[in-house]
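S.K.:
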Amino acid sequence: MKLYSAPYAPNPRRVAMFVAEKGITDIELVPLNLMAGEQRADGFLQKNPFGRVPALELDDGRVLTETRAICSWLEGRYEAPNLMGEGYDERAFIEMTDRRVELHLLSGIADCARHTHPALAVLEQPQFPEFGAAQGEKMRITARWLDQQLAQQPFIAGQRFTIADITAFCALEFGRGMVKFRPGQEGLLHLQAWRDRIAARPSASAAY
């Protein structure tokens with residue numbers, strides 16, 4: 028199998044971190060340079076016509092795209108450790124939390140970065156700085172909610188580490204680098220402490 032990825036991009040990092048947490052070793056990492064437009068090259072567009080990463084090329088030649096779909100496939104093939112829930116009840120609540128984080132934190136940070144950071148103009152044309160700034164404020168609403176959650180529980184979705192923690196961590200790390208968002212500097216001490224704990228996990232560095 029081959030995982031087409033890109034350094035520093037949050038969605039590819041989510042899959043790479045998921046792979047590391049699972050201890051999967053039989054996937055070849057194929058990095059693409061997004062700034063150079065390698066994701067739009069004809070060879071890659073034949074694998075994913077949307078020109079986006081991550082993309083997982085299976086041994087039978089099929090290509091699976093979209094972060095959550097790739098993680099679901101890997102969860103089914105490599106059952107332990109479980110990261111997406113045991114049974115319908117836990118799975119549903121983990122997915123709910125993961126989707127909230129993806130839609131309201133990660134997307135907000137990504138939109139803020141893509142529309143306000145000069146280096147990302149090559150990826151986002153036209154840029155709308157006012158929209159980006161507004162998204163930066165909206166994602167802080169979700170960050171404050173997460174801070175409240177983490178005052179009551181050790182992990183994003185409850186009592187154990189799950190895919191929701193991966194999504195939130197990769198979102199915060201992207202925000203840390205691209206929009207200089209650091210929860211502790213904005214009084215979100217529980218979220219900052221959680222981020223620091225997750226950063227100490229081997230998968231946090233292995234994802235690169």
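Under our numbering, think of the first position of the sequence shown as 28, with each following residue one higher. Cβ coordinates follow ideal geometry from the N, Cα and C atoms, glycine included.
Would you kindly work out how many angstroms separate the C-alpha atoms of K165 and S134, rounded to a whole number?
M.R.: K165 and S134: Cα-Cα distance of roughly 10 Å.
S.K.: Could you tell me the alpha carbon to alpha carbon distance between L216 and A148, rounded to whole angstroms?
M.R.: Approximately 33 Å, taken between the alpha carbons.
S.K.: Measuring only the C-alpha atoms, how far is F45 from K207?
M.R.: So the alpha carbons of these two residues sit roughly 25 Å apart.
S.K.: Using only alpha-carbon positions, find the residue among Q73, A47, L59, D53 that is nearest to L110.
M.R.: Closest by alpha carbon: A47.
S.K.: Is the separation between the beta-carbon of V42 and that of P81 shorter than 7 Å?
M.R.: Cβ distance < 7 Å, so V42 and P81 count as in contact.
S.K.: Are there three or more Cβ pairs, one per stretch, closer than 8 Å when the stretch 174-192 is compared with the stretch 113-124?
M.R.: Counting Cβ pairs under 8 Å, three or more are found: they touch.
S.K.: Could you tell me how far apart the beta carbons of A33 and L72 are, in whole angstroms, since I believe they sit closer than 8 Å?
M.R.: Rounded, the Cβ-Cβ distance is 15 Å, inconsistent with contact.
S.K.: Would DSSP call V46 helix, strand or coil?
M.R.: If DSSP states are grouped into helix, strand and coil, V46 belongs with the helices.
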